[in-house]
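Taken in sequence, the protein lines are chains A and B. The first sequence begins at 1 in the working numbering and counts up one residue at a time. The second sequence begins at 1001 in the working numbering and counts up one residue at a time. Each residue gets a CB set at the ideal place from its N, CA and C atoms; glycine is no exception. See structure below.
Protein chains: 2
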Amino acid sequence: MSARLLDGRPVAAALRASATHRVAALLARGGGPPKLAIVRFDTAGPSAIYAAGVSRAAARVGLEPVIVTPDADSDTRSLAGRIAALGADPAVAGILVTQPVPARFEASTLVNAIEPGKDVDGATAVSAGRLARGETALAPATALAVMELLRAFGISVAGRHAVVVGRSPVVGRPVAALLLAADATVTACHRATRDLAILTRQAEILVVAAGSPALITREMVSSASVVIDCGINALDGTVCGDVALEVQQVAAAVSPVPGGVGPITTMMLLRQTLDVAERLRSAE
Amino acid sequence: MSARLLDGRPVAAALRASATHRVAALLARGGGPPKLAIVRFDTAGPSAIYAAGVSRAAARVGLEPVIVTPDADSDTRSLAGRIAALGADPAVAGILVTQPVPARFEASTLVNAIEPGKDVDGATAVSAGRLARGETALAPATALAVMELLRAFGISVAGRHAVVVGRSPVVGRPVAALLLAADATVTACHRATRDLAILTRQAEILVVAAGSPALITREMVSSASVVIDCGINALDGTVCGDVALEVQQVAAAVSPVPGGVGPITTMMLLRQTLDVAERLRSAE
Chain A
1 MSARLLDGRP VAAALRASAT HRVAALLARG GGPPKLAIVR FDTAGPSAIY
51 AAGVSRAAAR VGLEPVIVTP DADSDTRSLA GRIAALGADP AVAGILVTQP
101 VPARFEASTL VNAIEPGKDV DGATAVSAGR LARGETALAP ATALAVMELL
151 RAFGISVAGR HAVVVGRSPV VGRPVAALLL AADATVTACH RATRDLAILT
201 RQAEILVVAA GSPALITREM VSSASVVIDC GINALDGTVC GDVALEVQQV
251 AAAVSPVPGG VGPITTMMLL RQTLDVAERL RSAE
Chain B
1001 MSARLLDGRP VAAALRASAT HRVAALLARG GGPPKLAIVR FDTAGPSAIY
1051 AAGVSRAAAR VGLEPVIVTP DADSDTRSLA GRIAALGADP AVAGILVTQP
1101 VPARFEASTL VNAIEPGKDV DGATAVSAGR LARGETALAP ATALAVMELL
1151 RAFGISVAGR HAVVVGRSPV VGRPVAALLL AADATVTACH RATRDLAILT
1201 RQAEILVVAA GSPALITREM VSSASVVIDC GINALDGTVC GDVALEVQQV
1251 AAAVSPVPGG VGPITTMMLL RQTLDVAERL RSAE
């Protein structure tokens, strides 16, 4: 038997169309395009590529990306001030600080300088706290992408047992919080978990965000499992996830890497930016 | 076989002695006693009794309790201003807003007016966010009391499977976060969980904070389970927990109600107040 493949690309395409439509509706009501500010530290390397990708995606739906680059002589205080000023600017709907933050800045001070109402990647402590308590919250984009993939394929969450492998603050922990808020029973597993396979085999929904290539093998899933792979690992020049390919022979459904959660992630950033933009415009 | 009873009263007594000693050491270094501000709305009823209890416990270890009562004409804005002013007062080490907040105030605005560095009951979104991410954080006192009871009885947490029943923002969710940060594998169960007994029987540590008398019965635990009961239910004029008495015939260890987690909870408030007070004094 072969697992149903949860292809994220058509889901992302539909989300892009929806975002484009929402921007057009905002522009029709007057005013300029909402801005998405991206604080970027490097001009090369993974974080620069990420910033460029987000910027391109934002522009494509009609948002105005604004790349913010710290001056050579800026310190934590001055950059935090610039980030706070973006929060006060009514034209800015979303603010994103790319990771990793260079050691010369205090990362948590910069992130928590983001106005929580414009924290479209759910990076601040305030957003994490609201999310952890089950309140309405802006959430990390990858965690939201997991929920959106499940929703798009009609996979119900309430009352089901979800097992999350990995407890990073950007994926594992917020995914667990979102699943719990959606009434799943949630088991959080990680490096210190004993007998991981006993737990993963019980999962009706298995979310893997461990950053460990092929961590999940065929013996670790059941034929009832829906497996969502958040891993992005570079291996021998290709990209692979945390779930071994052989799992597709056993599980009920699997999201591929690449092409599963990944394409949806940036769309979640844009969706949250539009949620904020619409709120700002109606408050005017 | 009969379960080991995890008696919280001697644990609380030792914590009280330690707090008294810490206050004395602070006073010996000069300055007045650190203040614990308690915002209280009622002069009768459970929240008034709670405020009086905390106030008495604080005074007993040498802290200075300060009861803050809103004026009849105060609104959310003015009271939030008073709470923020307490945050700026160097003599105040801890701030607590008793629940429930009357409907004429916006509860979350009041709570989030607490300076996060003095949020000794872990009530603000910032504290919840830090806790949810596994960072150092001030945490809700009841959740900390669970961890302290486990520690006091030498029950190791790392690598063990903990099942938490209940997902309230003041107990279930923060206990799950603390257990996860302490390297337990954590399953969060709640009202929408199917087959609760299958999950609770797998627990090496079972924390129950559901607010449902005798929810956990003997069939739902194993002989290896350590059961921590956070329930406080008034039933027929007595107080009982969420765990049926018969569980003591099966489980390895059980915390009683009353006398388990309860006595430790207020001591956790005082301990966090002293942590803050010591930090404030060394920063002077």
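Look at the alpha carbon of residue 1095(B) and the alpha carbon of residue 188(A), and state the distance between them as a whole number of angstroms.
-> Looking up residue 1095(B) in the second sequence gives position 95. Looking up residue 188(A) in the first sequence gives position 188. For residue 1095(B) and residue 188(A), the distance between alpha carbons rounds to 32 Å.
Residues near residue 1088(B) by beta carbon distance below 8 Å, same chain, minus five either side = Looking up residue 1088(B) in the second sequence gives position 88. Excluding residues within five positions, the ones whose Cβ falls inside 8 Å are 1115.
Mind listing, in chain order, the continuous alpha helix (DSSP H) runs of no fewer than 4 residues lying wholly within the stretch 1116-1201 of chain B?
-> 1125-1132, 1141-1152, 1172-1181 and 1196-1200
Identity of the residues DSSP links to residue 229(A) by a beta bridge | Looking up residue 229(A) in the first sequence gives position 229. Residue 229(A) pairs with 208(A).
Using 8 Å as the limit for Cβ to Cβ distance, is residue 1222(B) near chain A?
-> Here residue 1222(B) corresponds to residue number 222 of the second sequence, with the count starting at 1. With 8 Å as the cut-off, residue 1222(B) does not count as an interface residue toward chain A.
Is DSSP giving residue 110(A) helix, strand or coil here?
-> Reading the first sequence from its first residue, position 110 is the one you call residue 110(A). Three-state result, residue 110(A): helix.
Would you tell me roughly how many angstroms separate the C-alpha atoms of residue 1190(B) and residue 73(A), rounded to the nearest one?
-> Numbered from 1 along the second sequence, position 190 holds the residue referred to as residue 1190(B). Numbered from 1 along the first sequence, position 73 holds the residue referred to as residue 73(A). Roughly 52 Å separates the two Cα atoms.
Going by the beta-carbon positions, is the gap between residue 1066(B) and residue 1037(B) smaller than 8 Å?
-> In the second sequence, the residue the question calls residue 1066(B) occupies position 66. In the second sequence, the residue the question calls residue 1037(B) occupies position 37. Cβ atoms of residue 1066(B) and residue 1037(B): closer than 8 Å.
Look up residue 1235(B) in the DSSP assignment and say whether it is helix, strand or coil.
-> The sequence position of residue 1235(B) within the second sequence is 235, counting from 1. Strand at residue 1235(B).
Reducing DSSP to helix, strand and coil, say where residue 284(A) ends up.
-> By one-based count along the first sequence, residue 284(A) stands at place 284. Here residue 284(A) sits in coil by DSSP.
Do the CB positions of residue 1012(B) and residue 1220(B) come within less than 8 Å of each other?
-> On the second sequence, residue 1012(B) is found 12 positions in, with the first residue counted as 1. On the second sequence, residue 1220(B) is found 220 positions in, with the first residue counted as 1. No, they are not a contact pair.
Test: residue 1276(B) CB closer than 8 Å to a CB of chain A = Within the second sequence, residue 1276(B) is the residue found at index 276, counting from 1. Residue 1276(B) does not count as touching chain A.
Coil, strand or helix - residue 1044(B) by DSSP = In the second sequence, residue 1044(B) corresponds to position 44, counting from 1. Three-state DSSP puts residue 1044(B) in coil, outside helix and strand.
Using a Cβ-Cβ cut-off of 8 Å, state whether residue 186(A) counts as contacting chain B.
-> Position 186 of the first sequence, counted from the first residue, corresponds to residue 186(A). So yes, residue 186(A) belongs to the interface.
Residue 1255(B) and residue 1227(B): beta carbons closer than 8 Å?
-> Working through the second sequence from its first residue, we reach residue 1255(B) at position 255. Working through the second sequence from its first residue, we reach residue 1227(B) at position 227. For residue 1255(B) and residue 1227(B), yes; Cβs fall inside 8 Å.
Contact residues within the stretch 187-200 of chain A, judged by C-beta distance below 9 Å to chain B | 187, 188, 189, 190, 191, 192, 193, 194, 195, 196, 198 and 199
Between residue 1273(B) and residue 1093(B), which are expected to be in contact by the criterion C-beta below 8 Å, what is the C-beta distance as a whole number of angstroms?
-> As a working mapping, residue 1273(B) is identified with position 273 in the second sequence. As a working mapping, residue 1093(B) is identified with position 93 in the second sequence. So it is a contact: roughly 5 Å between Cβ atoms.
Rounded to a whole number of angstroms, what is the C-alpha to C-alpha distance between residue 1172(B) and residue 174(A)?
-> If you number the second sequence from 1, residue 1172(B) lands on position 172. If you number the first sequence from 1, residue 174(A) lands on position 174. So the two alpha carbons sit approximately 16 Å from each other.
Residues, ordered as in the chain, of the stretch 114-135 of chain A that lie near chain B by beta-carbon distance below 9 Å = 116, 124, 125, 126, 127, 128, 129, 130, 131, 132, 133, 134 and 135
The stretch 249-280 of chain A: positions lying closer than 9 Å to chain C by Cβ | The question asks about chain C, but that chain is absent: this structure's protein chains are A and B.
Would you list the one or two residues that DSSP bridges to residue 4(A)?
-> As a working mapping, residue 4(A) is identified with position 4 in the first sequence. Partner(s): 253(A).
Per DSSP, what kind of secondary structure is residue 215(A) in: helix, strand or coil?
-> For this step, residue 215(A) is matched to residue 215 along the first sequence. Residue state, collapsed to three classes: coil.
Integer-rounded CB distance, given that residue 129(A) should sit under 8 Å from residue 1129(B) | Taking the first residue of the second sequence as 1, we reach residue 1129(B) at position 129. Taking the first residue of the first sequence as 1, we reach residue 129(A) at position 129. Yes, residue 1129(B) and residue 129(A) are in contact; Cβ-Cβ is about 3 Å, under 8 Å.
Segments assigned beta strand (DSSP E), at least 3 residues, entirely inside the stretch 1043-1087 of chain B = 1064-1068
Pull up the distance between the alpha-carbon of residue 231(A) and that of residue 39(A), whole angstroms please.
-> Here residue 231(A) refers to the residue found at position 231 of the first sequence. Here residue 39(A) refers to the residue found at position 39 of the first sequence. Straight-line Cα distance between these residues: approximately 24 Å.
Three or more C-beta pairs below 8 Å linking the stretch 234-244 of chain A and the stretch 209-219 of chain A | yes
So residue 51(A) and residue 98(A) are in contact, right, with Cβ under 8 Å, and what is the actual spacing, rounded?
-> The residue given as residue 51(A) occupies position 51 in the first sequence. The residue given as residue 98(A) occupies position 98 in the first sequence. About 5 Å separates the two Cβ atoms, so the contact holds.
Note down, in chain order, all residues in the stretch 145-165 of chain A with a beta-carbon under 7 Å from any beta-carbon belonging to chain B.
-> 158 and 159
Local Cβ density within 10 Å of residue 161(A), reported as buried at 16 or more and exposed below that | What you label residue 161(A) is simply residue 161 of the first sequence in a count that begins at 1. Counting Cβ neighbours within 10 Å, residue 161(A) comes out buried, since at least 16 surround it.
Is it buried or exposed for residue 1198(B), if we count other Cβ within 10 angstroms and need 16 for buried?
-> For the purposes of this step, residue 1198(B) is taken as the residue at position 198 of the second sequence. Residue 1198(B) comes out exposed.
Are the Cβ atoms of residue 1183(B) and residue 1159(B) separated by less than 8 Å?
-> Your numbering for residue 1183(B) matches position 183 in the second sequence. Your numbering for residue 1159(B) matches position 159 in the second sequence. In contact: residue 1183(B) and residue 1159(B) (Cβ atoms closer than 8 Å).
Note down, in chain order, all residues in the stretch 1002-1017 of chain B with a beta-carbon under 9 Å from any beta-carbon belonging to chain A.
-> none
Could you check which residue in 1019(B), 1127(B), 1146(B) and 1104(B) has the C-alpha nearest to that of residue 1112(B)?
-> Start at 1 with the first residue of the second sequence, and residue 1112(B) comes out as number 112. Among 1019(B), 1127(B), 1146(B) and 1104(B), the Cα nearest to that of residue 1112(B) is on 1127(B).
When DSSP labels each residue in this structure, what does residue 1287(B) get in the three-state scheme?
-> No information on residue 1287(B) is available, as it lies outside the stretch 1001 to 1284 that chain B covers here.
Could you tell me the boundaries of the beta strand (DSSP E) in which residue 1030(B) lies?
-> As a position in the second sequence, residue 1030(B) is number 30, starting the count at 1. Segment: none, residue 1030(B) is in no beta strand (DSSP E) and carries neither H nor E.
Short CB-CB distance (under 8 Å) between residue 1209(B) and chain A = As a first step, residue 1209(B) must be located in the second sequence, where it is residue number 209. No, residue 1209(B) does not count as interfacial toward chain A.
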